[in-house]
Every structure is written in C-alpha cells, then in structure tokens.
C-alpha cells in the first residue's frame, strides 16, 4: 500500500484521493456530549427519542492538495451514492487537473465499496469509461482503516461540532461549512437523491468487468 501511494504521489498524471463515509449522524434536539460553543447554549432533550432525520457524511480528500469535500446524503450509504459523489466531485474539479489520467483512491473495505461488491465495481468501471480515467483502488487492510487520510478529517469535524446540537439538517451542514481543514473550509454538498439498498448485478457481469 505504501508503495502504491508513493507511486501515485510521484506521478504527475495520477491524483490520489482518500474517501470514506463517517458514521450516520442523528439530527434533532439531541445531546452529543461535549461543550456547546455557541453564544446561546441550548438544552438537549433528556432522551434521544425525537430523531428528525439521519445524514450520511461522505468525504473526498485530495491528499496532496489537502482539499476536502463533504457530501451529506439523506438516505442510505450505497455504492451508487458513493460513485455519484465521486462523479460529481470530478465534474467540479477536473478543470483543476488537466493532466491527470489516473485516480488512485484510498479506501477501506466498507460494505458499500468492497472489491467483490458487484454494483460498486460496475459503477466504477462505468465512471472510468465515461471520463477516460484509469481508476486504481488502494484498499487498506482490515483493522487499518484509521490510517486512511480522510479519517483525520472526520476527527477534525467531530472535534469542531462536539457539543453542538444538530437540530436540523441545515444546522449540521452549516457547522461542517464553518470548520477548517488545513486552513481552508471544506466544500459541502447536500444530496437530495434517495438511494435504495440491495442493488447488485450478477456474478457473471462482475467477472466480465474485472477482466
């Protein structure tokens, strides 16, 4: 893995990204521990029974550029959600990388991005064909996902909004917008699309795609 990362970083035609989803965030007048840093502290409900919504933060970090983008999904973390976010990210950032021919992507073995996940592999192959990019998936071994660079971004976000009452989705988005990563604010997107779980393709299709 170290050699793959190093090779990508030294190749001007390769761009290394680190991606991952953070644990789902409950939205409501709920206690999250920590100290509320707002001027007018609010009292959380005694019991976490009034959950208004749940958001799924998905992050994309340009590792060498230290540029962070966070997508907030509002349904399920699925392969389609993740690849849609990647496609959106590339659409917005391709002009900054005119010489890039390859995306080297650091990721863990989460259920939505595993190498045997048929829909994920299918969507990544389609993404490659659509953009003309080579896609290199660099997986962290089991129990080593903490070394994925994006994890430091999640720690920074958690530390920043620790104690805040995320009473609405907009509140959560605003907190994320105001955080800093390496001296810059992240780019934030709120994803409205609803994603269905359980979408897959046949094993024969996967074998064909992996050739």
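Residue numbers (the working numbering): 3 to 213.
Here a beta-carbon is modelled for each residue, glycine too, at the ideal position from N, C-alpha and C.
For residue i, write down the residues that DSSP places opposite it in a beta bridge.
i           : result
residue 59  : 74
residue 138 : 106
residue 18  : 106
residue 28  : 56
residue 23  : 60
residue 6   : None, per the DSSP bridge assignment.
Looking at the secondary structure, which residues open and close the alpha helix (DSSP H) in which residue i lies?
i           : result
residue 130 : 120 to 133
residue 101 : First-last for residue 101: undefined, no H or E at that position.
residue 13  : No alpha helix (DSSP H) holds residue 13; DSSP gives it neither H nor E.
residue 95  : 81 to 95
Would you report the Cα separation of residue i and residue j, rounded to the nearest angstrom?
i           : j           : result
residue 198 : residue 127 : 20 Å
residue 102 : residue 11  : 12 Å
residue 122 : residue 157 : 26 Å
residue 175 : residue 53  : 17 Å
residue 167 : residue 24  : 18 Å
residue 194 : residue 73  : 10 Å
residue 88  : residue 177 : 23 Å
residue 7   : residue 147 : 15 Å
residue 170 : residue 21  : 25 Å
residue 143 : residue 118 : 15 Å
residue 29  : residue 188 : 21 Å
residue 84  : residue 93  : 14 Å
For residue i, report the span of its beta strand (DSSP E) as first-last.
i          : result
residue 65 : Unbroken run through residue 65: none, as it is neither H nor E.
Quick test of your reading: residue i and residue j, contact by CB under 8 Å. State the CB separation rounded to the nearest angstrom.
i           : j           : result
residue 105 : residue 135 : 5 Å
field: In chain order, each beta strand (DSSP E) run of at least 3 residues that lies wholly inside the stretch 140 to 195
entry: Those beta strand (DSSP E) runs which fall completely within the stretch 140 to 195 and span 3+ residues are 189 to 192.
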